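Colleague: Questions regarding the structure given below will be posed in turn.
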Amino acid sequence: MHLCRGITQTLLSLPPAYTICRSQSFNVGTSGAKIFSGPAAEEFGHTVQQTTNHQDKWLLVGAPWSGFAANRMGDVYKCPVSGSRNSCDKLKLHDFVRIPNVKNVDVNMSLGLTLKRMPPINDFLTCGPLWGQQCGDQTFYPGVCVKLDSLLNVQPAFSPAVQTCGGPMDIVIVLDGSNSIYPWKPMTDFLVKLIPSLEIGPQNTQVIVIQYGEVAKFEFKLNDYTTKAEVLSVASGISQMYGTLTNTFHAIQFARWKGFNPTNGGRPGAAKVMVVVTDGESHDSDFRDTVLALCEKQGITRFGIAVLGYYSRNNINTDNLIKEIKSIASLPTEKFFFNVSEEAALSTIAGTLGNRIFNIEGTGKGGENFQMEMSQVGFSAYYSSQKDVMMLGAVGAYAWSGTIVHQTGTKVTIFPYSAFEETLQDRNHSSLLGYSVTTLSDGSTEYFVAGAPRSNHSGQVIVYTVSADKKVTIIDSARGKQIGSYFGGVLCSLDVDNDGVTDLLLVGAPMSMSELKREEGRVHLFSVTKGILNDQGSLNGPAANENARFGMAISAVPDLDLDGYCDVVVGAPLEDNGKGVIYVYNGQKKTLNRKFSQRILGSKLDPQLQYFGRSLDGFTDLNDDKIPDLSIGALGKVVQLWSRGVGIVETTASFIPDKINILKLYVSYILILDADLQGSRVTSRGLFTKNNERYLKGKAQVTSTAFFLVSANNRELSFEVAVRNKKENAYNTQVTATFSSNLYYSSVSFLHPALTFSSCWVGLWPSVKRLG
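In this note's numbering, the protein residues as written are 1046 to 1817.
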């Protein structure tokens, strides 16, 4: 029996230290933990999910660095929960990651970094946000995801933001072949260096080369060759045509009119790009304005390259040449104009030119700002069964401002930068919107939530809805209060009472600093009303003097203590000198108890554990006792803990006799554990640890050195006084009652009719006399 301070309003007034109070319980067992081991170098344990099927019960464990040192592609392991085996099998998912018609780059793609359940059909999604594709000599990272069905069969991989490598593009290269070009070989070397950076193919980029002097001629046309190897072979063998005149603008007219003509392979929907390379001022400059106006009208993007070798060798001022070539180049000039000191230097700009051509991306507008090329779709994921929408975070989109991708079946919606621009107010902060995602529900409307932990450097959470025509409406947002806290890095929505309405949104800020300058971490609570967030403070967690990163992982658990309310588990993987700790919080009505009901140290389970609590899942029951069990990820390990059976204990206390001397008290007590027993059960379900029996008997002595006033429920205090006389008669007998200053005399009545008032002094010292 646990005794605590208090006051009981009964006829017996016990000293404050002996009042019965409620004891603190716990429900997650720490004995009999099953620990699975995997390669720590692969970051085994970074993610964990529970699953069951007719074959067995499993833990799926993400290892995003699985592979060898030069290529950590990542993978997912499956670990059998039943039986004594504590090793896991690799699913080898990287063998199935292949996007058709794309140059796949799976080096270090981090498959398994994201691992999420897709209820109610018990499918799973895992993503490799660093999966890349090669476009020319550039590698983009749009990310890739793979679905697993309930039997862990792999479905085809998909990449919602896969790039088209610039789309169809027709490029006309116009080379000056006049006498002043010397030597000629650097011109062909330039072509040999430029062409590999282009994604050449019937559906991608086509190339034509025109050489000119006094007149222009085709070296080859757009539809002559369809492979990069063919184009390279022919381009490397082009010989100089020579000529005394440099009719640059007639050559541009020839290229504009015939080079892009469909009869020569030009495609109406393709972007049109022209590259002009010359080493001298033109002899037909009076034709310039007319030709360039026609190019603009036709939507031709033009690069101008001035080779200054001939002018430098002959000490000729280059100002006019540079001015003319700049006039050929599209605007802004700094992106479309190049000059080199001599012919041999042409190769040095080929790579840069290739990149700038590639960045046109079929729009006809050159640029260097990334949109979805580095988006890393799948950095986070959450499946909404209410609307059958898979939310995917794309933290690298729009130069790391980030965005969200919604996918339903094969239909993909990528929200533009403008959808969240006003709310984020990014200002080059690299907000990383999509670092975490989840949903809220009020029973009829579903609200989408995305975290941006670097927004304004202090972090932000955004709540939004999406209309039928895919327009985003911002409902609410909340910002962190501390720079660098990573507020919004972790999100967890919670329907505490299981009524279909979200009661709480938990927001992790795992890098929040304490007053002692430690990364204590914090988990903020927000109640939710129609998508509006109301700050409800934060959970009580680790001590302020430890680096803990409390809130690095947060998981809702259906009901650990069987009181009908959902519970929450929070990880603090850096606490206890990096060993890691998890905290259990119990739900109550529509909120959470801020104080944890249980604190579990990883070091007590296995002294070798590191970062215990980096990932969590408590979705289901894994040992058939109808209570959800906890799976906790650590570095190179996953720990399976089993929830304890729940017993409801009621305590009653009775006293015999009901009136006793409170100044000198001895109390005997007997505690009996009375629980229902199964007929087949021999031993009791519960025993007292002190004597290993179902009953406990003992004695307690209660002593006191002070008087205690019984607290009354009304404002009147009554008491009885009895006076007896033995032997001789007594005269002038007095009975004196002394009261404290907060009590006042009211009245006196006599139970025996022979008693009468002789005198009474009303005040602190009232007296009563008996006469006769």
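Glycine included, every Cβ here is placed at the ideal spot set by N, Cα and C. Quick caveat: nothing in here was measured; it's all calculated off a predicted structure.
Which class does S1429 belong to by DSSP, given the choice of helix, strand or coil?
Modeller: strand
Colleague: If you reduce the DSSP assignment to three classes, tell me which class W1229 lands in.
Modeller: coil
Colleague: By Cβ distance below 8 Å, which residues in the same chain neighbour N1631 in space, the five residues on each side in sequence not counted?
Modeller: L1605, D1606, D1608, Y1610, D1612, L1637, N1638 and S1642
Colleague: Any idea if N1585 is buried or exposed, counting beta-carbon neighbours within 10 angstroms, 16 or more meaning buried?
Modeller: Exposed: under 16 other Cβ atoms inside 10 Å.
Colleague: Please name the residue in V1252, S1785, F1185 and F1141 whose C-alpha comes closest to that of L1197.
Modeller: F1141
Colleague: Specify the secondary structure class of N1092 as computed by DSSP and reduced to three states.
Modeller: Checking the sequence, you will find Thr at residue 1092 rather than Asn. Strand at T1092.
Colleague: Considering only DSSP beta bridges, list what M1163 is partnered with.
Modeller: D1168
Colleague: Give the list of continuous beta strand (DSSP E) stretches no shorter than 3 residues that lie fully inside the segment 1284–1343.
Modeller: 1316–1323
Colleague: According to DSSP, simplified to helix, strand and coil, what is D1703?
Modeller: Of the three classes helix, strand and coil, the one that applies to D1703 here is coil, per DSSP.
Colleague: Could you tell me the alpha carbon to alpha carbon distance between L1539 and L1550, rounded to whole angstroms?
Modeller: 6 Å
Colleague: Quick check on DSSP: helix, strand or coil for A1464?
Modeller: helix
Colleague: How far does the beta strand (DSSP E) with K1262 in it reach, from first residue to last?
Modeller: A1261 to F1265
Colleague: So for A1062, helix, strand or coil by DSSP?
Modeller: Below a pLDDT of 50, predicted positions are generally treated as unreliable, and A1062, at 39, falls in that range; the measurement from the model is reported next regardless. Three-state DSSP puts A1062 in a helix.
Colleague: For Q1179 and V1150, which I take to be in contact (beta-carbon distance under 8 Å), what is that distance rounded to the nearest angstrom?
Modeller: 5 Å
Colleague: Enumerated in chain order, which unbroken segments of the alpha helix (DSSP H) with a length of 4 residues or greater are wholly contained in the segment 1548–1622?
Modeller: none
Colleague: When DSSP labels each residue in this structure, what does H1099 get in the three-state scheme?
Modeller: coil
Colleague: Are there three or more Cβ pairs, one per stretch, closer than 8 Å when the segment 1423–1442 is compared with the segment 1234–1241?
Modeller: no
Colleague: Output the boundary residues of the alpha helix (DSSP H) element that contains F1381.
Modeller: T1378 to F1381
Colleague: If I follow the unbroken beta strand (DSSP E) through S1642, where does it start and stop?
Modeller: Counting along the chain, S1642 falls outside any beta strand (DSSP E), and DSSP gives it neither H nor E.
Colleague: Return the chain-ordered list of same chain residues with a C-beta closer than 7 Å to the C-beta of L1477, the five sequence neighbours on each side being excluded.
Modeller: V1440, W1445, G1447, A1497, P1498 and R1499
Colleague: For D1324, count neighbouring C-beta atoms within 10 Å of its own C-beta (all shown protein chains included) and say buried if the count is 16 or more, exposed if not.
Modeller: buried
Colleague: Take the Cβ of R1143 as the centre, count every other Cβ of all protein chains shown within 10 Å, and call the residue buried at 16 or more, exposed below.
Modeller: exposed
Colleague: Which one of P1673, S1713 and P1618 has the shortest CA to CA distance from N1072?
Modeller: P1673
Colleague: Sort T1233, T1159 and S1559 by Cα distance to A1598 and report the nearest one.
Modeller: T1159
Colleague: Less than 8 Å between the CB atoms is what I'm expecting for A1114 and G1083, so what's the real figure, rounded?
Modeller: Actually they are not in contact, since the Cβ atoms of A1114 and G1083 sit about 17 Å apart, beyond 8 Å.
Colleague: What residue from L1104, G1399 and V1191 has the CA that sits closest to L1243's CA?
Modeller: G1399
Colleague: In chain order, what residues of the same chain have a beta carbon less than 6 Å from the beta carbon of V1506, not counting five sequence neighbours either side?
Modeller: G1496, A1523, G1533 and V1552
Colleague: Determine, using beta carbons only, whether M1214 and T1250 come nearer to each other than 7 Å.
Modeller: yes
Colleague: For the beta strand (DSSP E) that I1240 lies in, which residues bound it at each end?
Modeller: From DSSP, I1240 is part of no beta strand (DSSP E); its letter is neither H nor E.
Colleague: Let me confirm a value: D1334 is counted as buried when at least 16 other C-beta atoms fall within 10 Å, else exposed. Which label applies?
Modeller: exposed
Colleague: Looking at C-beta atoms only, is the number of pairs between the segment 1414–1422 and the segment 1185–1199 that lie closer than 8 Å three or more?
Modeller: The answer is yes - the segment 1185–1199 touches the segment 1414–1422, with three or more Cβ pairs under 8 Å.
Colleague: Does the beta-carbon distance from R1347 to S1372 come in below 7 Å?
Modeller: no
Colleague: Does L1584 come within less than 7 Å of chain B when only Cβ atoms are used?
Modeller: Reference to chain B is not applicable here, since this structure consists of a single protein chain.
Colleague: Need the endpoints of the beta strand (DSSP E) that G1177 sits in, please.
Modeller: G1177 to C1180
Colleague: Considering only residues of the same chain and omitting the five flanking positions on each side of E1560, which have a CB-CB separation below 7 Å?
Modeller: Once the five neighbours on either side are set aside, the close Cβ partners of E1560 are A1589.
Colleague: Under 7 Å, do T1096 and W1103 count as touching if we go by C-beta distance?
Modeller: yes
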